[in-house]
Amino acid sequence: MKHIKTLNEKTLNSTVKKGGCGECQTSCQSACKTSCTVGNQTCENNK
Amino acid sequence: MIHQFRNNGYNIVLDVHSGSVHVVDDLVYEVIERLDHGLENDKIVKELENTWQPGEILEALDECRELKEKGMLFTEDVYRGPVLDFKKRKTVVKALCLHVAHDCNLSCRYCFAGEGEYHGSRGLMSLETGKKALDFLVENSGSRKNLEVDFFGGEPLLNFGVVKELVAYGRELEKKADKHFRFTLTTNGVLLGKEVAEFANRELDNVVLSLDGRKEVNDAMRPFPNGKGSYDLIVPKFQEFVRERGDRQYYVRGTFTHYNLDFSKDILHYADLGFDRLSMEPVVAPPEAGYAIREEDLETICAQYDELAVEMLKRKKEGRGFTFFHFMIDLTGGPCVYKRMSGCGSGTEYLAVTPWGDLYPCHQFVGEEKFRLGSVDEGITNQALVDEFKCCNVYSKPKCAECFARYYCSGGCAANSWHFHGTINDAYDIGCVLQRKRVECALMIKAAEAEMNE
Numbered sequence: 416m417k418h419i420k421t422l423n424e425k426t427l428n429s430t431v432k433k434g435g436c437g438e439c440q441t442s443c444q445s446a447c448k449t450s451c452t453v454g455n456q457t458c459e460n461n462k
Numbered sequence: 079m080i081h082q083f084r085n086n087g088y089n090i091v092l093d094v095h096s097g098s099v100h101v102v103d104d105l106v107y108e109v110i111e112r113l114d115h116g117l118e119n120d121k122i123v124k125e126l127e128n129t130w131q132p133g134e135i136l137e138a139l140d141e142c143r144e145l146k147e148k149g150m151l152f153t154e155d156v157y158r159g160p161v162l163d164f165k166k167r168k169t170v171v172k173a174l175c176l177h178v179a180h181d182c183n184l185s186c187r188y189c190f191a192g193e194g195e196y197h198g199s200r201g202l203m204s205l206e207t208g209k210k211a212l213d214f215l216v217e218n219s220g221s222r223k224n225l226e227v228d229f230f231g232g233e234p235l236l237n238f239g240v241v242k243e244l245v246a247y248g249r250e251l252e253k254k255a256d257k258h259f260r261f262t263l264t265t266n267g268v269l270l271g272k273e274v275a276e277f278a279n280r281e282l283d284n285v286v287l288s289l290d291g292r293k294e295v296n297d298a299m300r301p302f303p304n305g306k307g308s309y310d311l312i313v314p315k316f317q318e319f320v321r322e323r324g325d326r327q328y329y330v331r332g333t334f335t336h337y338n339l340d341f342s343k344d345i346l347h348y349a350d351l352g353f354d355r356l357s358m359e360p361v362v363a364p365p366e367a368g369y370a371i372r373e374e375d376l377e378t379i380c381a382q383y384d385e386l387a388v389e390m391l392k393r394k395k396e397g398r399g400f401t402f403f404h405f406m407i408d409l410t411g412g413p414c415v416y417k418r419m420s421g422c423g424s425g426t427e428y429l430a431v432t433p434w435g436d437l438y439p440c441h442q443f444v445g446e447e448k449f450r451l452g453s454v455d456e457g458i459t460n461q462a463l464v465d466e467f468k469c470c471n472v473y474s475k476p477k478c479a480e481c482f483a484r485y486y487c488s489g490g491c492a493a494n495s496w497h498f499h500g501t502i503n504d505a506y507d508i509g510c511v512l513q514r515k516r517v518e519c520a521l522m523i524k525a526a527e528a529e530m531n532e
């Protein structure tokens, strides 16, 4: 595309079917403890 | 739902429901704004033809149409259905915050744990209670393989003997129950030494090292009980620890307050000390506290995040980059939408255990008697409260419905919501503003990195 550069091809919708296994890290265990951040977490199934 | 913003010279469009992130030129930026307001193509051409050629505008419209057809622009919310099913799901416990010490050797002025006491009395967790907690975790984890245990406090190294024995016990349980424990430790560093470092580097998946940045900032908020600052003692210990840790995970983590609104300098100070995995959280405090973040601070704080993001990119180009926890965003391998809707798992998947074995929804609820869920001896006795937490998600919070960042914070911190609004189904407004800003900065960094890689 000439005017648009998309940074990510995979969409959230694609995780509806296979998601929800729950093996991923609990967000508060990493480095926050006083907020809630999940966008930076990694899917355990993608490792 | 669309969120578009300009940051550091980039025009960024986030398609909220698909999570697609587009970097666009000025023309498309204007076009998308108008499409979002429901304008027809001919009206858009008319509005923009003084600045751009009609042919170009049509080309931009065509690109937008293509993305829409691919499900990457103006997508609808299709998750509400799965959420309802999700709420009925059986949850298992997969993470514990083990308060091995309700005591501390520092007297940090903002401590939500009240110098380790958590509205209660001081005390250390016994080995027996700790073992029962790990047993409870294994028994309530269903088929979940990866289990997390954070040694927390107070200062957990005040009870280091029990920490070591619990890790050894966990390793036995792993074999028996076919589980994998990820142990982590959050420490102020006062008791960090060779023995702890060797143990941590062998056994702990992550170590969080608490430091607030520049000496004067750290020492003002993180003194010893006698008032003396802690910086000079802990910084060399942290530096040595991190050198020995090699590639294993750690974070240097701090808290900024109303007293150091120029906190980007503190984060850069970490980097200048040689640390490269950094986190810095805004203090969460009652509004009457002098150090509490106020609404009038938000503009300054947001500008600080912008400054930090630009400096991070500069340092990355110079080959001395670092990661900042709140700007990390995984656009390709990030969490599934279920995780993004349901949040931290407090009260369901994630529980805190006091030194006496009482269970709470998370470390921030410890000591709030009405949030006691049970104990490691009795198990969960307040199922109604667990169910309340289970239903806490981005759709249960009216504020989240309007917010573009909801799939990045997953509805925010339940404890903050309760402390500020008396319910876990609201959101801590100051935290929301800062979360949105951090998501924007994180996306800008991704845009800039994509350009660097071209």
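These protein sequences, in sequence, are chains R and W. Position one of the first sequence corresponds to residue 416 (the numbering used here), numbered consecutively onward. Position one of the second sequence corresponds to residue 79 (the numbering used here), numbered consecutively onward. Beta carbons: idealized from backbone N, C-alpha and C, even for Gly. For clarity, every value in this text was computed on a predicted model and none was experimentally measured.
From the DSSP output, which residues share a beta bridge with residue i?
i: I90 of chain W; result: W:F83, W:V101
i: Y328 of chain W; result: W:V285
i: V227 of chain W; result: W:L174, W:F261
i: R355 of chain W; result: W:T401
i: H441 of chain W; result: Answer is none; H441 of chain W lacks a bridge partner.
i: S424 of chain W; result: W:Y428
i: G194 of chain W; result: DSSP lists no partner for G194 of chain W.
i: P360 of chain W; result: W:F334
i: K420 of chain R; result: W:V101
i: P301 of chain W; result: W:G307
i: I458 of chain W; result: W:G452
i: G201 of chain W; result: W:H180
Are residue i and residue j close, meaning C-beta to C-beta below 8 Å?
i: G437 of chain R; j: K172 of chain W; result: yes
i: I80 of chain W; j: V94 of chain W; result: yes
i: I345 of chain W; j: G454 of chain R; result: no
i: Q82 of chain W; j: I122 of chain W; result: no
i: I312 of chain W; j: L289 of chain W; result: yes
i: Y416 of chain W; j: G97 of chain W; result: no
i: F302 of chain W; j: L269 of chain W; result: no
i: G307 of chain W; j: L287 of chain W; result: no
i: V101 of chain W; j: K420 of chain R; result: yes
i: S420 of chain W; j: L437 of chain W; result: no
i: F405 of chain W; j: C478 of chain W; result: no
i: Y247 of chain W; j: N284 of chain W; result: no
i: Y188 of chain W; j: T335 of chain W; result: yes
i: R398 of chain W; j: H347 of chain W; result: no
i: C470 of chain W; j: A492 of chain W; result: yes
i: F482 of chain W; j: L92 of chain W; result: yes
i: L244 of chain W; j: L212 of chain W; result: yes
i: G490 of chain W; j: C510 of chain W; result: yes
i: E400 of chain W; j: T426 of chain W; result: The amino acid occupying residue 400 of chain W in the given sequence is Phe; Glu does not appear at that position. No, the Cβ-Cβ distance between F400 of chain W and T426 of chain W is not below 8 Å.
Given that residue i touches chain R, what residues does it touch there, using C-beta distances under 7 Å?
i: K172 of chain W; result: G437, T441
i: D105 of chain W; result: Going by the sequence as given, residue 105 of chain W is Leu instead of Asp. Ordered by position in chain R, the residues that pass the 7 Å Cβ test against L105 of chain W are H418.
i: P413 of chain W; result: C439, V453, Q456, C458
i: I407 of chain W; result: G454, N455
i: Y416 of chain W; result: G434, G435
i: T410 of chain W; result: N423, K425
i: M150 of chain W; result: T421, T426
Quick one: is residue i buried, meaning 16 or more other Cβ sit within 10 Å of its Cβ, or exposed?
i: R280 of chain W; result: exposed
i: Q440 of chain R; result: buried
i: P360 of chain W; result: buried
i: K524 of chain W; result: buried
i: G234 of chain W; result: Reading the sequence as shown, one finds Pro at residue 234 of chain W and not Gly. Label assigned to P234 of chain W: buried.
i: T378 of chain W; result: exposed
i: N460 of chain R; result: exposed
i: G192 of chain W; result: exposed
i: T129 of chain W; result: exposed
i: R84 of chain W; result: exposed
By the criterion of Cβ-Cβ separation under 9 Å, what are the contact partners of residue i in chain R?
i: L145 of chain W; result: M416, I419, T421
i: L376 of chain W; result: Neighbours of L376 of chain W on chain R: none; closest Cβ ~15 Å, over 9 Å.
i: Y486 of chain W; result: T452, V453, G454, N455
i: F83 of chain W; result: Correct list: empty, because the minimum Cβ distance to chain R is about 14 Å.
i: E193 of chain W; result: Ordered by position in chain R, no residue passes the 9 Å Cβ test against E193 of chain W, which lies about 16 Å from the chain.
i: K524 of chain W; result: L422, N423
Could you name the residues of chain R that residue i contacts, counting a contact when the two beta carbons are closer than 8 Å?
i: R222 of chain W; result: G437, E438
Should the segment 177-191 of chain W be regarded as contacting the segment 227-234 of chain W, the criterion being three or more beta carbon pairs within less than 8 Å?
-> yes
Inter-stretch contact (C-beta, 8 Å, three-pair minimum) for the segment 502-511 of chain W and the segment 193-201 of chain W | no
Give a yes or no on contact between the segment 208-225 of chain W and the segment 246-257 of chain W, applying the rule of three or more CB pairs nearer than 8 Å.
-> yes
Is there contact here, the segment 133-150 of chain W with the segment 261-281 of chain W, by at least three beta-carbon pairs under 8 Å?
-> no
Does the segment 412-430 of chain W come within contact of the segment 347-365 of chain W, defined as at least 3 CB pairs closer than 8 Å?
-> no
Check whether the segment 454-470 of chain W touches the segment 379-397 of chain W, taking contact to mean three or more Cβ pairs, one atom from each stretch, closer than 8 Å.
-> no
Contact between the segment 505-516 of chain W and the segment 460-472 of chain W: three or more CB pairs below 8 Å?
-> no
Specify whether the segment 417-433 of chain W and the segment 375-385 of chain W touch according to this definition: at least 3 beta carbon pairs, one from each stretch, less than 8 Å apart.
-> no
Validate contact between the segment 99-108 of chain W and the segment 439-446 of chain W using beta carbons, cut 8 Å, 3 pairs | no
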